[in-house]
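The sequence shown begins at 1 in this note's numbering and counts up by one. Quick reminder that beta carbons are idealized off the backbone N, C-alpha and C, glycines included. Small disclaimer: the values here were computed from a predicted structure and weren't measured. Report on the structure given below.
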Amino acid sequence: MPSLSLRINLDPDGRIGPGKIELLEQIASFGSISAAARGMEMSYKHAWDLVEDMNRVFGKPLVSAQTGGRKGGGAQLTAVGLAVVSRFRAIERAAAAAAATHMEALQAEIDAG
């Protein structure tokens, strides 16, 4: 079955899509940027660069990170970060629902050979 992938252009230099949203979800799950990066098989630097890019585009932090030390570091999503994930997933569900009939028609074309 065909699938829909959504990317939202936020400004001339910023966009958000499934990869950045997954990174935010992984950070929320693991409480750590480095653990999220490992889980997604990306470098810590790349994950941190993506977080910084999202913070820049939204003009406020989506992730709150604490520096490591004796008790270790950590990271969590801010209220804005949680809202961004929630809104993106809602937009994704709405787009999939709106496109469902057309996606089924595309699959029928494929099946008809």
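Residue i versus residue j - alpha carbon distance
| i | j | result |
| --- | --- | --- |
| alanine 83 | arginine 7 | 17 Å |
| isoleucine 16 | asparagine 9 | 7 Å |
| tryptophan 48 | alanine 98 | 34 Å |
| glycine 39 | glutamate 109 | 37 Å |
| leucine 106 | glycine 74 | 45 Å |
| methionine 54 | aspartate 111 | 40 Å |
| phenylalanine 30 | alanine 37 | 10 Å |
Burial state of residue i, where buried means 16 or more other Cβ atoms lie within 10 Å
| i | result |
| --- | --- |
| glycine 81 | buried |
| methionine 1 | exposed |
| lysine 45 | exposed |
| lysine 160 | Because residue 160 is not part of the residues shown, which for the chain are 1 to 113, the question remains open. |
| serine 32 | buried |
| alanine 94 | exposed |
Span of the alpha helix (DSSP H) around residue i
| i | result |
| --- | --- |
| aspartate 13 | No alpha helix (DSSP H) holds aspartate 13; DSSP gives it neither H nor E. |
| serine 34 | 33 to 39 |
| leucine 77 | Premise fails: leucine 77 lies in the beta strand (DSSP E), 74 to 77, not in any alpha helix (DSSP H). |
| methionine 54 | 44 to 58 |
Cβ-Cβ separation, residue j to residue i (assumed contact under 8 Å), whole Å
| i | j | result |
| --- | --- | --- |
| glutamine 66 | alanine 28 | Contact flag wrong, Cβ pair sits at about 15 Å. |
| leucine 24 | methionine 103 | Not really, about 26 Å apart at Cβ, beyond 8 Å. |
| valine 63 | glycine 14 | Rounded, the Cβ-Cβ distance is 16 Å, inconsistent with contact. |
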